[in-house]
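Novice: To get the numbering used here, take the position in the sequence shown, counting from 1, and add 10. Note that beta-carbon positions come from the ideal geometry of N, C-alpha and C, so glycine has one too. All values derive from a computational prediction rather than experimental measurement. Submitted below is the structure of interest, expressed as structure tokens.
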Amino acid sequence: MDAEHNRRHLVTVAHAAFARDGADLPVREIARRAGLAPATVHRHFPSRDDLLAAVLAGQVERCAQQLRAALADPDSRRALTRTFHRFGEWQVQERGLVEALGGPAFAGRRREHAEAFGRLVERARDEGVLRPRVSVDDARVALMAITSARTAAVARQLTGVLLTGLLAG
11 MDAEHNRRHL VTVAHAAFAR DGADLPVREI ARRAGLAPAT VHRHFPSRDD LLAAVLAGQV
71 ERCAQQLRAA LADPDSRRAL TRTFHRFGEW QVQERGLVEA LGGPAFAGRR REHAEAFGRL
131 VERARDEGVL RPRVSVDDAR VALMAITSAR TAAVARQLTG VLLTGLLAG
């Protein structure tokens with residue numbers, strides 16, 4: 011029980027640390043923040059990359075859950091709006107992790123997420139929620155624009171402006 015608790019605690023602490031300070035944060039600093047010895051960290055995760063992979067796998071799964079929930083929401087306007095807002099929040103709150111997700115290890119999952127997002131946008135377009143000429147690519151470009159936000163306030167403001175341009179009256 012202690013070992014599993016320590017593992018979950020390490021992943022939680024590492025998640026917050028990597029999100030705030032970047033994926034290059036040393037294991038000894040994560041151990042310090044977790045209140046554990048570096049040897050305890052290494053027993054669960056032989057390398058920093060192993061710990062980072064566990065953190066990223068959890069984040070990728072949370073993103074997939076959010077996309078599934080959005081696709082299950084019968085209100086496509088609400089689902090798309092929430093998806094944009096959550097993306098903006100994540101970009102600011104977890105910038106250190108966002109950068110780490112760009113590697114090849116999660117390419118397949120990124121494709122799955124992109125396909126789910128595409129289905130969400132197509133459904134919104136089919137239901138008249140989007141302006142008539144808005145494409146999936148337009149919505150993806152809008153999401154990418156949000157990555158430029160460096161503060162939560164800017165992310166919210168930019169998300170609002172982008173949604174105003176994408177959504178039908």
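Could you tell me the boundaries of the alpha helix (DSSP H) in which residue 39 lies?
Specialist: Counting along the chain, the alpha helix (DSSP H) containing residue 39 begins and ends at 37-44.
Novice: Who are the near neighbours of residue 255 in its chain, counting only those whose CB is closer than 7 Å to its CB and skipping five residues on each side?
Specialist: Because the chain in this structure spans residues 11 to 179, residue 255 falls outside the shown range and cannot be described.
Novice: According to the neighbour-count rule (16 or more other Cβ atoms, all chains shown, within 10 Å of its Cβ), is residue 98 buried or exposed?
Specialist: Residue 98 should be labelled buried.
Novice: Go through its chain and collect everything with a Cβ distance to residue 144's Cβ below 6 Å, but skip five positions before and after it.
Specialist: Excluding residues within five positions, the ones whose Cβ falls inside 6 Å are 176.
Novice: From residue 153 to residue 173, what does the alpha carbon distance come to, in whole angstroms?
Specialist: Going by the C-alpha atoms only, they are around 10 Å apart.
Novice: Which residues in the same chain have their Cβ closer than 7 Å to the Cβ of residue 95, if we skip the five residues on either side of it in sequence?
Specialist: Same-chain partners within the cutoff: 169.
Novice: Sorted by chain position, which residues of the same chain lie with C-beta nearer than 6 Å to residue 24's C-beta, five sequence neighbours on each side aside?
Specialist: Correct list, in chain order: 40, 61, 65.
Novice: Just to check my reading of the structure: residue 128 and residue 139 have Cβ atoms closer than 8 Å, yes? What is that Cβ distance to the nearest angstrom?
Specialist: About 15 Å separates the two Cβ atoms, so there is no contact after all.
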